[in-house]
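Our numbering puts the first residue of the sequence shown at 8, with every later residue one more than the last. Heads up, the beta-carbon is just placed ideally off N, CA and C, and yes, glycines get one too. All values derive from a computational prediction rather than experimental measurement.
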Amino acid sequence: MDLTPRKINTFNFFKLPSVWWTGIRVKDLDETHCSATVKHRWINQNPFRSMFWAVQGMAAELTTGALVMGAIRHSGKKVSMLVLNNKANFSKKATGRITFSCIDGNRIKEALDKTIATGEGQTLWMKSVGINTDGVVVSTFEFEWTVRLKS
């Protein structure tokens, strides 16, 4: 069974309610790309009337994590996944609708293939970029994921 935006959004409602209630929704997902949107609202704003950095981080992580989950599911193996590190850069005040996109799906496939072949855990960096409706980058997040076979 393949992951779809609807399945991930339903999962978030039940298992990650903070993602759901802040308005983050996955819009597109395939093997190489994932995008999610979030609209600046009262519930996800900071005192400066822009989107709270943690909400942006949740949306960005979701785009990378959905690709990891999809690749693991497609592999048919039992693989654990975990974020080891992250980096963020904020370049503009986040207001309006922000779309986060990750296009690193091929990178996770390579890491998974290697961990399945060797049995050794692998790490990789994946990037998600947040863009407002004017096409301006508001934030960039990088997440270091680790994948390893479960015993």
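Can you give the beta carbon distance from residue i to residue j, rounded, assuming they're within the 8 Å contact cut?
i      : j      : result
Leu69  : Ile115 : With 8 Å as the limit, Leu69 and Ile115 do not qualify as a contact, their Cβ atoms being about 14 Å apart.
Val145 : Ser108 : Incorrect: roughly 12 Å between the Cβ atoms, too far for contact.
Ala73  : Phe148 : 14 Å between Cβ atoms; not a contact.
Val62  : Thr29  : 5 Å
Val86  : Leu36  : No, Val86 and Leu36 are not in contact; Cβ-Cβ is about 18 Å, not under 8 Å.
Phe97  : Trp60  : 7 Å
Output yes or no for whether 7 Å exceeds the beta carbon distance between residue i and residue j.
i      : j      : result
Glu151 : Asn92  : yes
Pro54  : Lys34  : no
Lys100 : Ser57  : yes
Val45  : Ala66  : yes
Ile123 : Lys157 : no
Within a Cβ cutoff of 8 Å, which residues of the same chain sit near residue i, ignoring the five residues on either side of it in sequence?
i      : result
Met88  : Gly72, Val75, Met76, Ile79, Trp152, Thr153, Val154
Gly112 : Asp37, Glu38, Thr39, His40, Cys41, Leu74, Gly77, Ala78
Ile50  : Trp28, Thr29, Gly30
His47  : Ser57, Met58, Ala101, Thr102, Gly103, Arg104, Ile105
Leu10  : Leu36, Ala73, Met76, Gly77, Arg80
In terms of DSSP beta bridges, what is residue i paired with?
i      : result
Trp152 : Val90, Leu131
Lys46  : Arg104
Gln52  : Met58
Arg32  : Thr44
Between residue i and the rest of its own chain, which residues show a CB-CB distance below 6 Å, the 5 nearest in sequence each way excluded?
i      : result
Asn139 : Gly103, Ile105, Val145
Kindly list the residues whose CB is nearer than 7 Å to the CB of residue i, restricted to its own chain and excluding five residues on each side of it in sequence; keep chain order.
i      : result
Val143 : Lys99
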